[in-house]
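Enquirer:
Number of protein chains: 4
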Amino acid sequence: MAFFDTCTHVDYKALAKKRLPSYLFDFIEGGAFEEHTLKANRDDFQSIKLRKRVLTGIQPPETTTTFLNQTLEMPLILAPVGFAGVYAKRGEVQAALAAKTRGIPYCHSSTSICSMEEVFKATSAPFWYQFYPLKDRVISLELLRKAESLGVNTLVITVDLPSIGIRHRYQRSLASRSRIQELLNHFSWVRNVRLLGGPLVLGDFVPYAKGLNTLSSMRKWLAAQLIHDLNWEELEWVRSVWPHKMIIKGLLDEEDVVQATRERADAIVVSNHGARHIDSISSTISILPRLLEKAHVPVLIDGGISSGLDMAKALALGAKACLIGRPWAYALAADGGKGVDMLLKRYQNELKSVMSQVGVSKIEDLNGIIAESFNF
Amino acid sequence: MAFFDTCTHVDYKALAKKRLPSYLFDFIEGGAFEEHTLKANRDDFQSIKLRKRVLTGIQPPETTTTFLNQTLEMPLILAPVGFAGVYAKRGEVQAALAAKTRGIPYCHSSTSICSMEEVFKATSAPFWYQFYPLKDRVISLELLRKAESLGVNTLVITVDLPSIGIRHRYQRSLASRSRIQELLNHFSWVRNVRLLGGPLVLGDFVPYAKGLNTLSSMRKWLAAQLIHDLNWEELEWVRSVWPHKMIIKGLLDEEDVVQATRERADAIVVSNHGARHIDSISSTISILPRLLEKAHVPVLIDGGISSGLDMAKALALGAKACLIGRPWAYALAADGGKGVDMLLKRYQNELKSVMSQVGVSKIEDLNGIIAESFNF
Amino acid sequence: MAFFDTCTHVDYKALAKKRLPSYLFDFIEGGAFEEHTLKANRDDFQSIKLRKRVLTGIQPPETTTTFLNQTLEMPLILAPVGFAGVYAKRGEVQAALAAKTRGIPYCHSSTSICSMEEVFKATSAPFWYQFYPLKDRVISLELLRKAESLGVNTLVITVDLPSIGIRHRYQRSLASRSRIQELLNHFSWVRNVRLLGGPLVLGDFVPYAKGLNTLSSMRKWLAAQLIHDLNWEELEWVRSVWPHKMIIKGLLDEEDVVQATRERADAIVVSNHGARHIDSISSTISILPRLLEKAHVPVLIDGGISSGLDMAKALALGAKACLIGRPWAYALAADGGKGVDMLLKRYQNELKSVMSQVGVSKIEDLNGIIAESFNF
Amino acid sequence: MAFFDTCTHVDYKALAKKRLPSYLFDFIEGGAFEEHTLKANRDDFQSIKLRKRVLTGIQPPETTTTFLNQTLEMPLILAPVGFAGVYAKRGEVQAALAAKTRGIPYCHSSTSICSMEEVFKATSAPFWYQFYPLKDRVISLELLRKAESLGVNTLVITVDLPSIGIRHRYQRSLASRSRIQELLNHFSWVRNVRLLGGPLVLGDFVPYAKGLNTLSSMRKWLAAQLIHDLNWEELEWVRSVWPHKMIIKGLLDEEDVVQATRERADAIVVSNHGARHIDSISSTISILPRLLEKAHVPVLIDGGISSGLDMAKALALGAKACLIGRPWAYALAADGGKGVDMLLKRYQNELKSVMSQVGVSKIEDLNGIIAESFNF
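Protein chains in written order, with my numbering: chain A, -19 to 356; chain B, -19 to 356; chain C, -19 to 356; chain D, -19 to 356.
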């Protein structure tokens, strides 16, 4: 349909809002407290202006790039998104297939509905694995071994979740709406996901959470397994048992970035966890330049990347690649794997258009094309 | 009810607006003139960003702190709020009980409906006493002696009320609505407070305002007793007759803060009296850093503290504790003492959540965790 | 009525909007082009913050001041407003009486409906006279002599009207509404002003504009008499024939202010003519500090002074007194001379309240009480 | 009609919105992506403030100026606007006649509906010609020879169109509305333009695009002829075969401006192509001062010039003249050639008014009359 050829993150979000029960949409969209940082994550991109050169005589732009010895059709990664299988039937599989089609990495969340095996069976393609170190190192080790055996070549350790944050929007959504009414109003979702899309569990933890078979009971089990006083030593243990690439996700402070030396990580992700757990911290794009000055390893960024234009800005400031979370969750909820596929095509077209307009034909040449000094 | 478990200052304010006659709500909420400073008191918190550290390996946060040799479950005090007994039946007693439950100080306003004796009898707990020096020093002395005898260990002298300010919102509210209609529309309030909640007088002045038994006549009597040309010498007299802790409330200027030496006060409260008496002055949070540089004694702050997140910001800038006024007045009007109790629990949970997210486990470690230089 | 005791410039404006035909209200309110400067004239006051001192032990504030050897009950002057007699029956007389009651100068506009004689006869009080030098110096001289003979002690020469500006709001108002319908909708105004309030002419020019007896024909006659290439020499001629105080109104540029030496004027008014003739120039309050640095004579200001609080700010920055235009025109249209009287009382009360709150008891002590450096 | 005497760009835009099918209006108005730069093009003019001098004794302002040896009644040019013949019947002819009447240049777009011959036949006046170098130099050469033979004295080469940009507004407009319904709702446009206004082709390319007779097929043909890797050498070839004045349009970067020496161009146009092809680049007026510092040749500007006041600002900053695009397209769609004529009269009146108010009588004296340093 012509509509989907042209729609952006904003259109998919509107469609997802229609298709999902409101408490579920609010769970995805909601940020911590009054969502100032959530808004800043997006809005702060607006103050960045690109240099537009003309008469450069360049050939048509190419978005291909390499990162950690991998070839990416464009410098974009599907960020780990929890519970994607609740937004569409076997959602992780659909998203991974779209990523494969578009030639970019899919990063499998620890809190996925589908297991790593299910994703691998459907895609026959390598993917990234997002990992929370667990209290029980035996389980941690088994998960890492399984990932390795399925061809996972890149591990992403999320380090910024000491506790679950406070979200006014989500809490109000739960309090103010009848959940039954919401389900009746969204019967297509109920049928496809709740009735035909099961089992709705945390796929990768089924072997360990013995006797549990509901999502809520498994979430509680996992919450109890998370290490709330995570420290650098624990990361070094993971490093010692994981022989492939390892990325630390969730850094936002200059001193922490300095810690992430080459021995400890192959790359880092500047992230505030989608502004979901604390408000009134820096937006990722606004803090990126200062963190880049301190970084010894390649830097990725997530948070507010709503278009290929935003990608170009992050790359212009010096990031190596971008991750998107909510945008693909919305495209998935709106139109399944086809939605994710079209969204990715959209990002790539936008990135190419911007490169053409500013007179740049290769991804690495985007670095530095900032028009003016800007202050956050 | 689940709703109250999750509601914030904003929700209680909305509920209070429904439950109170509009002129009464507007009296509480209204600021001086066009309320620019009232708005700034709240909005200026938004420009403060916290540093978010990760991998600090901290234990779960504790909010306990000590202030002037007192142990507080969290660095929060119920600010003196005039006429609280008009917002709910015997409001001061309900608020004091909630403060006791949550382990924080209740500061008794001079213009309370309930007397100090009534509060003490209901709570059997020490509290703070907010005091205006009166023209008649005999009365002043008797009030201070009574406070001492009831175990008041901390005196708060309000010094920023040379006259009653001009409030457009309140004046328009009085002019534009039928008071009788408002009473008919809020009959539950009329019954609980006006009919069953009496006597509605200024409890602590009953022995002195001879023959007066209405709130309005007593307010006039008190207004005539206030010292409009208050000066530092008067404060020194109070200091000379009050042997316990003494706090000066209402400082907003660097030179005035310099005057507040340890000989004159044990602590000060940076306050603009809730922006109720003059507009176009500094918001308290914006001026706080400059005043801290000049202060010889510990500094508290009130004005716009709407959440545990705001508390964290004030403490990060260097305040020792925060006072809240309107928030507890709204919670009281919305749901009585239970509302105040739940509001305080909310603030504490929010503060703990923020501490956890930024990687801090003790109150004193919040000092300095500011992400960026910011300009007001 | 209680309402009028408490209403501000904003309330009178709303009332004037109801009482006047829309094209007339839009004529008063309208600024040049898109009204950015009109808005800035008011809004720029918001960024000025006052210092609030406490414990100063001051006596109740007094607003009396002297300016050019005249005693003013407060540092406020009724600015010259054209055609005031069209906004209410014999409007200039009503305004002059209110000014007399409140002890401040009334400045008579050259384009008044009532003549100077009519105003003097009704008030028996001296007033200021706003003067445009005319091409025909004989008429100029006669007007000045008449003013002198009626006790005018202060001449205000407006120098910023080389041509009539372009006002989108007013032009659209004229084009989009039926004038007849407007008159039918405002019959009270038609009766009081159009039918019973005549003659509606330019009172002071009746002896010179021979044979003309309509307002529009007299306006054309006057427009042809205005000197469009006015220069400093013409002002010096006026100075040479006028033996009393003389004020230049309409300066907005540092170099022009430097020109205004004591030989040429006794004072100046920083003014952009209410932003009525050109947009995208400086607001008066924002440019005031820089002009004060260059001024050799006392400086007054008009433009956006909406309250006693705004007065305090202008005085704090260094102005000697303020002029108001639209505010009194609205009060006049809303409630006649009583409206102007109450408005002036309001400004005085507000000024006193602000002085009390910031700890200042005399007008001259307001100078310098700025809380923070601010940038426009 | 009185209405048109007084209406501005804003009024014509509103009228054009009514008269045109929505997808056509959105095509004209739409900018790239989320239109931040489109908005900035207009809004950034608001932060520029003019110096207002008084008592300068100037004569009435004259707007006449000379540019590249041509006399212009005012420093304004009708920018090349594609497909103007679709907005009104034979639109380019109507616009060219209006420009002739008002004594300013009409710049003929390469993608005009009317051919150069048709315009010349109707106006008998010289005009400017906007040119895209084509892949087939034989065609390029023939077009330049034809232009020369018709008296074109100034060539404008657009260099900032390496590809067609992405426009959310236009794409959504096409997707969300029924085109047939739109046509039925705008039958007057259908009759005048679609039925009676033909042929709707790219007039100047009819001899080359053999066998094509629809606008869409000719647009595709032209798109294939555009040089997407345009460079400075190609411009030098044009320079070598065009013996008259040549202007480069579409520069936005300091280094590119440095390249535009007098050997390569007689003047340049600072332009971002109406923000139609990429978002998040500098607005033209904000970047103008920095580009003027680097320029070796006279500088024109387009983008957001909505009034004679905006013209004055651009000239005050140092531009020699301004181009307008969307404004005349709207006036044309709203009221044909009469609309464009009245719009131009309006701009001139506004420019004169501003010059009078700031005390300047000649165009060149506008240079430098900036009131304050301003920061973009």
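From the three backbone atoms N, C-alpha and C, an ideal C-beta is built for every residue, glycine too.
For D/S104, is the classification buried or exposed, using 16 other Cβ atoms within 10 angstroms of its Cβ as the cut-off for buried?
Expert: By one-based count along the fourth sequence, residue 104 of chain D stands at place 124. Note on D/S104: under 16 other CB atoms within 10 angstroms of its CB, so exposed under the neighbour-count rule.
Enquirer: Looking at B/L331 and B/G298, is the spacing between their C-beta atoms short of 8 angstroms?
Expert: Position 318 of the second sequence, counted from the first residue, corresponds to residue 298 of chain B. Position 351 of the second sequence, counted from the first residue, corresponds to residue 331 of chain B. No, they are not a contact pair.
Enquirer: Using a C-beta to C-beta distance shorter than 8 angstroms, which residues of chain A count as neighbours of D/D236?
Expert: On the fourth sequence, position 256 is the one that residue 236 of chain D refers to. Result: R33, V34, L35.
Enquirer: In the DSSP assignment, find the beta strand (DSSP E) that holds B/A59 and state where it starts and stops.
Expert: Stepping through the second sequence from its first residue, residue 59 of chain B is reached at position 79. Careful: B/A59 lies outside any beta strand (DSSP E) and carries neither H nor E.
Enquirer: Using the rule of at least 16 other Cβ atoms within 10 Å of the residue's Cβ for burial, across every protein chain shown, is A/F167 buried or exposed?
Expert: Along the first sequence, one-based indexing puts residue 167 of chain A at 187. Exposed is the call here.
Enquirer: Closer than 8 angstroms, CB to CB, is B/H276 near chain C or not?
Expert: Here residue 276 of chain B is taken as the residue at index 296 of the second sequence, counted from 1. Not closer than 8 angstroms to any Cβ of chain C, the Cβ of B/H276 fails to qualify, so no.
Enquirer: Output yes if chain D places a C-beta closer than 8 angstroms to the C-beta of C/P142; else output no.
Expert: On the third sequence, position 162 is the one that residue 142 of chain C refers to. Yes, its Cβ sits closer than 8 angstroms to a Cβ of chain D.
Enquirer: Would you call B/V238 buried or exposed, if buried means 16 or more other Cβ atoms sit within 10 Å of its Cβ?
Expert: Locating residue 238 of chain B in the second sequence gives position 258, counting from the first residue. Within 10 angstroms of the beta-carbon of B/V238 lie fewer than 16 other beta-carbons, which makes it exposed.
Enquirer: How would you call A/K293, buried or exposed, if buried means at least 16 neighbouring beta carbons within 10 angstroms?
Expert: Numbered from its first residue, the first sequence carries residue 293 of chain A at position 313. When all chains shown are included, A/K293 counts as buried.
Enquirer: Would you please verify whether the beta carbon of C/Q26 is less than 8 angstroms from any beta carbon of chain B?
Expert: Position 46 of the third sequence, counted from the start, is the residue given in the question as residue 26 of chain C. Yes - at least one Cβ of chain B is within 8 angstroms of the one on C/Q26.
Enquirer: What is the rounded straight-line gap between the Cα of B/L192 and the Cα of B/I285?
Expert: In the second sequence, counting from the first residue as 1, residue 192 of chain B sits at position 212. In the second sequence, counting from the first residue as 1, residue 285 of chain B sits at position 305. About 37 angstroms.
Enquirer: Which residue or residues does DSSP assign as beta-bridge partners of B/M226?
Expert: Residue 226 of chain B sits at position 246 when you count from the first residue of the second sequence. Looking at the DSSP assignment, B/M226 forms a beta bridge with B/L135.
Enquirer: Between the stretch 228 to 248 of chain A and the stretch 193 to 204 of chain A, do at least 3 Cβ pairs fall closer than 8 angstroms?
Expert: no
Enquirer: When you compare the CB positions of C/A12 and C/D259, do they come within less than 8 angstroms of one another, or not?
Expert: Here residue 12 of chain C corresponds to residue number 32 of the third sequence, with the count starting at 1. Here residue 259 of chain C corresponds to residue number 279 of the third sequence, with the count starting at 1. Yes.
Enquirer: Would you mind working out which of B/V61, B/N165, B/T46 sits nearest B/D282, comparing C-alpha positions?
Expert: Start at 1 with the first residue of the second sequence, and residue 282 of chain B comes out as number 302. The residue with the shortest Cα to Cα distance from B/D282 is B/V61.
Enquirer: Rounded to whole angstroms, how far is the Cβ of D/Q110 from the Cβ of D/S95, which I believe are closer than 8 angstroms?
Expert: Taking the fourth sequence and counting its residues from 1, the one referred to as residue 110 of chain D is at position 130. Taking the fourth sequence and counting its residues from 1, the one referred to as residue 95 of chain D is at position 115. Incorrect: roughly 14 angstroms between the Cβ atoms, too far for contact.
Enquirer: Mark C/A313 as exposed unless 16 or more other C-beta atoms lie within 10 angstroms of its C-beta, in which case mark it buried.
Expert: One-based indexing of the third sequence puts residue 313 of chain C at position 333. The residue is buried, with at least 16 neighbouring Cβ atoms inside 10 Å.
Enquirer: Tell me the DSSP secondary structure of C/H276 in three-state form.
Expert: The residue labelled residue 276 of chain C in the question sits at position 296 within the third sequence. DSSP places C/H276 in coil when its eight states are reduced to three.
Enquirer: Quick check on the burial criterion: 16 or more other C-beta atoms within 10 angstroms. Buried or exposed for B/T44?
Expert: Residue mapping note: residue 44 of chain B aligns to position 64 of the second sequence, counting from 1. Label assigned to B/T44: exposed.
Enquirer: For D/R(-1), which residues from the same chain have a beta carbon less than 8 angstroms from its beta carbon, with the 5 sequence-adjacent residues on both sides left out?
Expert: Within the fourth sequence, residue -1 of chain D is the residue found at index 19, counting from 1. Closer than 8 angstroms at the Cβ level, and outside the excluded window around D/R(-1), lie H166, S168, W169, A313, A314.
Enquirer: How many Å lie between B/E216 and B/A245 at the Cα?
Expert: Reading the second sequence from its first residue, position 236 is the one you call residue 216 of chain B. Reading the second sequence from its first residue, position 265 is the one you call residue 245 of chain B. The alpha-carbon atoms of B/E216 and B/A245 are separated by roughly 9 angstroms.
Enquirer: For B/E344, tell me which candidate among B/M291, B/G305, B/P307, B/D321 has the shortest Cα-Cα distance.
Expert: Position 364 of the second sequence, counted from the start, is the residue given in the question as residue 344 of chain B. Minimum Cα distance to B/E344 is reached at B/M291.
Enquirer: Would you grab the beta carbon distance between C/A68 and C/V173 for me? Rounded to a whole angstrom, and I think it's under 8 angstroms.
Expert: Taking the third sequence and counting its residues from 1, the one referred to as residue 68 of chain C is at position 88. Taking the third sequence and counting its residues from 1, the one referred to as residue 173 of chain C is at position 193. Rounded, the Cβ-Cβ distance is 7 angstroms, consistent with contact.
Enquirer: For the stretch 293 to 312 of chain A, list every residue whose C-beta sits within 9 angstroms of some C-beta in chain D, in sequence order.
Expert: K293
Enquirer: Is it buried or exposed, B/S156, if we count other Cβ atoms within 10 angstroms and call 16 or more buried?
Expert: Here residue 156 of chain B refers to the residue found at position 176 of the second sequence. In the assembly as shown, B/S156 is an exposed residue. Its beta-carbon has fewer than 16 other beta-carbons within 10 Å.
Enquirer: Can you tell me whether DSSP reads A/V186 as helix, strand or coil?
Expert: One-based indexing of the first sequence puts residue 186 of chain A at position 206. A/V186: coil per DSSP, three-state reduction.
Enquirer: Checking 8 angstroms against the spacing of the C-beta atoms, do D/G319 and D/A59 come in under that value?
Expert: Position 339 of the fourth sequence, counted from the first residue, corresponds to residue 319 of chain D. Position 79 of the fourth sequence, counted from the first residue, corresponds to residue 59 of chain D. No. Outside cutoff.
Enquirer: Output yes or no for whether 8 angstroms exceeds the beta carbon distance between B/A386 and B/G288.
Expert: Residue 386 of chain B falls outside the range modelled here, since chain B spans only -19 to 356, and no answer is possible.
Enquirer: Taking A/A292 as part of the alpha helix (DSSP H), name the residues at either end of that continuous run.
Expert: The residue you call residue 292 of chain A lines up with position 312 of the first sequence. Residues 288 to 297.
Enquirer: DSSP beta-bridge partners for C/C87?
Expert: Within the third sequence, numbered from 1, the residue matching residue 87 of chain C stands at position 107. According to DSSP, which records beta bridges pairwise, C/C87 is partnered with C/W108.
Enquirer: Since C/S263 contacts C/N21 with CB under 8 angstroms, what's their CB separation in whole angstroms?
Expert: Looking up residue 263 of chain C in the third sequence gives position 283. Looking up residue 21 of chain C in the third sequence gives position 41. With 8 angstroms as the limit, C/S263 and C/N21 qualify as a contact, their Cβ atoms being about 5 angstroms apart.
Enquirer: Is it right to say C/S120 is buried, meaning 16 or more other beta carbons lie within 10 angstroms of its own, or is it exposed?
Expert: By 1-based counting over the third sequence, the position of residue 120 of chain C is 140. Counting Cβ neighbours within 10 Å, C/S120 comes out buried, since at least 16 surround it.
Enquirer: Specify the secondary structure class of D/A155 as computed by DSSP and reduced to three states.
Expert: As a position in the fourth sequence, residue 155 of chain D is number 175, starting the count at 1. In the three-state reduction of the DSSP assignment, D/A155 falls in the helix class, which pools H, G and I.
Enquirer: Looking at chain D, which residues of the stretch 179 to 201 of chain C have a Cβ within less than 8 angstroms of any of its Cβ atoms?
Expert: none
Enquirer: Within 8 angstroms of any Cβ in chain C, is that where the Cβ of D/P40 sits?
Expert: Position 60 of the fourth sequence holds residue 40 of chain D. Yes, D/P40 counts as interfacial toward chain C.
Enquirer: Report the residue from D/F100, D/E72, D/L52 whose alpha carbon sits nearest the alpha carbon of D/R82.
Expert: Residue mapping note: residue 82 of chain D aligns to position 102 of the fourth sequence, counting from 1. For D/R82, the nearest C-alpha among the options comes from D/L52.
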